[in-house]
Amino acid sequence: MNELRRGLSLACAVCGSRHLFKRFGLFDMRQKCPLCGIQFERMEGHFLGAVALNTVISAGAVLSTICLTIVIAGTDVSSKLLLLTALPMATILPVLFDPFSRTLWTAIDILIRPVEPNELNEDFQYNSSNET
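Heads up: the sequence shown begins at 189 in our numbering, then just goes up one per residue.
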């Protein structure tokens, strides 16, 4: 489960290396890990899973915000208030969660389809139980 922890902390799921995103761009992810050399897009369409993960998390957050607003303000809450509370969550959270969804999805992918030795740099030894 180190892979998931690493994915949630914007680190490489294989080696725990940071610096996966290019300087000054949280949305510009490197193609390979600078330390272990794993290619993050291991198959065509890999990051569609990250988009789906981001969508589910964001939709859940928006729904939770709406429910919480109704619980706090009562059932006679205006749609304007619901919109004012849910709209920031719907627009800001997906943007902020995007880098996390990419690294987390890569970690999930590595748990589902374990890393093959030929996917890594020759001088890097992968051990899934390594701590970062």
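Note that CB positions come from ideal geometry on N, CA and C, so glycine has one too.
Residue 227 has 220 as its beta-bridge partners, per DSSP. According to the DSSP assignment, residue 189 belongs to no alpha helix (DSSP H), since it is labelled neither H nor E.
Residue environment: residue 291 is assigned as buried (16 or more neighbouring CB atoms within 10 Å of its CB, all protein chains considered). Per DSSP, residue 205 lies in no alpha helix (DSSP H) segment and is marked neither H nor E. Straight-line spacing of the CA atoms in residue 282 and residue 261 works out to 26 Å. Residue 201 sits in coil when the DSSP states are folded into three classes, being neither helix nor strand. Note that the C-beta distance between residue 274 and residue 253 is below 7 Å.
The beta carbons of residue 204 and residue 211 sit no closer together than 7 Å.
Between residue 308 and residue 225, the CB-CB gap stays under 7 Å. The beta carbons of residue 288 and residue 196 sit about 7 Å from each other, so the pair counts as a contact at 8 Å.
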